[in-house]
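Notes follow once the structure below has been shown.
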Amino acid sequence: MSKFTDAAATSHILSVAAMEEASRVGQRTADIDHLFIALVLNEQTAGQVLRSLGITLDSARKAVEKQHAEQLAALGVQAAPEPGDIVFHETGGYEWGDRAVELIRRANGGGKRGDAAAVLRELVSEPSGMIDAILHRLDTTPAAIIAKLDEVERYPAHRPQRIVRTDTLSGASEAFAPAPPDQVWELLTAPSRMPEWEPSIGSVEHPPTAAKMGDTWTVCARTERPDGKPIPVKPGFITQQIELVTLDESRLIEWRFTYTEAPQANARRVRIELEPAAGGTQLRLALAWERNPNRLRRPFVGLIMRPVFRLVLWMQLSQLGNGISRAFR
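Spelled out as structure tokens, the structure:
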């Protein structure tokens, strides 16, 4: 990715995660504490560094809660209610607070790349003392995090490569799930649980209890957003048939999605690799749209639309990764 696309992708991913965290505590403004938790969940170097220091989602949330409780107690204010479920996708009106906006702006200025590591460097140096106090509760310091970032960034970062095939439009990305690999594997291998993480699926018809390679089942499209607004679905695209095409126990799973009522539609493949990581599971996701050989090819249009297709692919991959991660939050 270029610096611009890196920064834009990072901003989107951190915004969604931080605002999801804000929604747990009934807030509509995401502040630097929510940004910190979003970085703990991030799949990039920043998240890996924080988790390598023993900071998990649970420990980060508890440290933030204790810090807020202490600040409120000092003002004679009773502690806030217990956090609830993530309701970001069912509600609206979310925005970044001024401190977070300024911090992200600095991470993108002065020749900085604007990736999660740049955001983390700015966050641990923020002047209010809140993040310093939270880190102290987590038995670490801003200096320790900066030193670890310096150490890790001396080596080239792994970047997933796009799968290049002439008959597909494909892409790859990474995500982090705050759960051990066996729990993530249990989620992904249960056809009945696909609506929990696959954003286009609303229900599963007669799912197999223990799917094996070659099994197929039918799913129905999601027709309503979490906030209750209808999702328009074209005729022929209500149902999909899913085939489990690859299954490597606890490590790799791949499905092929087809629209049986729309024979001219392209097929879709989703492939997910699992790798144990500090504090959870690193996910390597690949998505490919297989061009239907019976459809008329328009190379010129495809060339012009390629940037749009890449953006759509990235959004689809981002939604998949976030859906899996959110299932454990």
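Take any residue in the sequence shown, note its place counting from 1, add 34, and you have its number in the working numbering.
Ideal placement from N, C-alpha and C gives every residue a C-beta, glycine not left out.
For residue i, three-class secondary structure by DSSP
i, result
"residue 120", "coil"
"residue 220", "helix"
"residue 205", "strand"
"residue 248", "coil"
"residue 198", "Its pLDDT being 44, under 50, residue 198 is placed unreliably in this model, and the value from its coordinates should be taken loosely. Coil, per DSSP."
"residue 146", "coil"
"residue 77", "coil"
"residue 353", "helix"
"residue 135", "helix"
"residue 346", "helix"
"residue 158", "helix"
"residue 95", "helix"
"residue 23", "Outside the displayed span of the chain (35 to 363) sits residue 23, for which this structure offers no information."
Outcome for residue i when other beta-carbon atoms lying within 10 angstroms are tallied against a minimum of 16
i, result
"residue 44", "buried"
"residue 349", "exposed"
"residue 243", "exposed"
"residue 79", "buried"
"residue 212", "buried"
"residue 109", "exposed"
"residue 359", "buried"
"residue 92", "exposed"
"residue 298", "exposed"
"residue 129", "exposed"
Beta-bridge partners of residue i, as assigned by DSSP
i, result
"residue 63", "129"
"residue 210", "316"
"residue 238", "253"
C-beta contact flag for residue i and residue j at 9 Å
i, j, result
"residue 121", "residue 162", "no"
"residue 72", "residue 47", "yes"
"residue 267", "residue 288", "no"
"residue 274", "residue 362", "no"
"residue 231", "residue 357", "yes"
"residue 351", "residue 206", "yes"
"residue 77", "residue 316", "yes"
"residue 313", "residue 85", "yes"
The ligand GTP heavy atom lying under 8 Å from the CB of residue i
i, result
"residue 128", "No copy of the ligand GTP appears in this structure; indeed no ligand is present at all."
Ranges of the beta strand (DSSP E) found wholly within the stretch 256-329, counting only runs of at least 3 | 273-282, 286-292, 301-311, 314-324
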